[in-house]
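Q:
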């Protein structure tokens with residue numbers, strides 16, 4: 002696992018830090034400087050220093066897939082599997098089609114103690130999801146907007162030209178409208194699957210999933226570090242989660258990290 006050297010830090014320093022440094026105060030490292038320092042520390046095997054640099058960037062309020070990816074690599078090297086998967090999941094949410102993020106996330110998941118078998122789906126659905134994953138929600142949205150603009154142009158053009166609407170223009174409009182509907186539906190389903198669901202990653206070595214939000218509830222089963230769960234509900238000190246196989250229950254908020 003190598004850290005990404007791409008800068009990828011698109012916000013300006015004045016935005017990230019809320020202004021300049023007052024006279025007499027110690028200068029504040031820029032996100033770019035911290036990113037470079039973290040990369041150098043990672044290459045030297047100084048993972049604690051690398052983790053501190055990347056985490057400081059995120060404390061500035063910057064949301065960047067490269068920073069989360071590098072932080073995930075650092076936690077993986079430190080043996081902190083849960084934190085590693087949490088960072089990879091956050092990076093995947095920001096860049097859902099990045100092959101390096103997906104590959105390292107899959108590698109980290111393979112180290113988890115729990116093996117949850119998801120509900121089996123038919124091969125056409127698996128194929129469609131693979132295509133959606135490759136395209137990504139953002140490209141889906143751009144394609145949908147492009148189709149809408151083409152439809153609007155066609156309507157304006159056919160309505161203003163001398164012959165008016167012809168059979169060819171009508172069929173073209175119908176085909177474009179159907180295509181736009183299909184792209185929009187594909188965008189909605191891919192967004193809901195990749196970005197719409199709230200996720201939580203188990204950070205404790207092992208924790209009991211309870212029947213309700215309280216320690217006096219019955220224990221249903223045990224989950225282990227690194228397992229990714231779907232977040233269903235939140236209480237001040239508890240979260241309700243569910244597994245891909247349909248099992249659900251409550252965990253202490255302190256035992257998980259929210260994506």
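In the working numbering, the protein residues as written are 2 to 260.
Here a beta-carbon is modelled for each residue, glycine too, at the ideal position from N, C-alpha and C.
The structure displayed is predicted, hence computed values, not measured ones.
To which residues does DSSP link residue 224 through a beta bridge?
A: DSSP lists 208 as partners of residue 224.
Q: Let me know the secondary structure DSSP gives residue 188 once reduced to three states.
A: Residue state, collapsed to three classes: helix.
Q: Which residue or residues does DSSP assign as beta-bridge partners of residue 243?
A: DSSP, once it has assigned bridges, lists 231 and 249 as partnering residue 243.
Q: At which residues does the alpha helix (DSSP H) containing residue 92 begin and terminate?
A: Per DSSP, residue 92 belongs to the alpha helix (DSSP H) from 82 to 95.
Q: For residue 303, which residues does DSSP report across the bridge?
A: With the chain represented from 2 up to 260, any question about residue 303 goes unanswered, as that position is not in the structure.
Q: Can you confirm whether the region 74 to 85 touches the region 103 to 115 when touching is taken to mean that 3 or more C-beta pairs between the two stretches lie within less than 8 angstroms?
A: Contact holds: three or more Cβ-Cβ distances are below 8 angstroms.
Q: By Cβ distance, which residues of its chain are closer than 8 angstroms to residue 258, with the 5 residues on each side in sequence left out?
A: Hits under 8 angstroms: 83, 84, 87, 201, 202 and 204.
Q: How about the region 236 to 247 and the region 187 to 195: do they share at least three Cβ pairs that are nearer than 8 angstroms?
A: No: fewer than three Cβ pairs fall under 8 angstroms.
Q: Thinking C-alpha only, which one of 4, 132, 144 and 65 is nearest residue 180?
A: Closest by alpha carbon: 144.
Q: Could you check whether residue 209 and residue 221 sit closer than 9 angstroms to each other, using their CB atoms as the reference points?
A: The answer is yes: Cβ separation under 9 angstroms.
Q: Where does residue 126 fall in DSSP's three states?
A: Of the three classes helix, strand and coil, the one that applies to residue 126 here is helix, per DSSP.
Q: When the Cα atoms are used, what is the spatial distance from residue 57 to residue 3?
A: Going from the Cα of residue 57 to the Cα of residue 3 covers about 20 angstroms.
Q: How about residue 157 and residue 170: do their beta carbons lie closer than 9 angstroms?
A: Cβ distance not < 9 angstroms, so residue 157 and residue 170 don't count as in contact.
Q: Quick one: what does DSSP say residue 38 is sitting in, helix, strand or coil?
A: Helix at residue 38.
Q: Label residue 135 either buried or exposed according to how many other C-beta atoms from any shown protein chain fall within 10 Å of its C-beta, with 16 as the threshold for buried.
A: Exposed is the call here.
Q: Drop a sphere of 10 angstroms on the beta-carbon of residue 230, count the other beta-carbons inside from all chains shown, and report buried for 16 or more, exposed for fewer.
A: Result: buried.
Q: On the three-state DSSP scale, how would you describe residue 139?
A: Three-state DSSP puts residue 139 in a helix.
Q: Hey, is residue 65 close to the ligand FAD, as in C-beta under 8 angstroms from one of its heavy atoms?
A: Ligands displayed in this structure: none; no statement on the ligand FAD is therefore possible.
Q: Buried or exposed: where does residue 25 fall if 16 or more other Cβ atoms within 10 Å of its Cβ makes it buried?
A: Note on residue 25: pLDDT 49, under 50, position unreliable in the model; the coordinate value appears next. Flag for residue 25 reads exposed.
Q: Would you mind reading off the limits of the alpha helix (DSSP H) that contains residue 73?
A: Here the alpha helix (DSSP H) through residue 73 covers 66 to 78.
Q: Starting from the C-beta of residue 155, find all residues in its chain whose C-beta is less than 8 angstroms away, skip the five residues before and the five after it, and write them out in chain order.
A: If we look at residue 155 and ignore the five residues flanking it on each side, its Cβ neighbours are 170, 173, 174 and 177.
Q: Smallest Cα separation from residue 76: which of 64, 90 and 126?
A: Closest by alpha carbon: 90.
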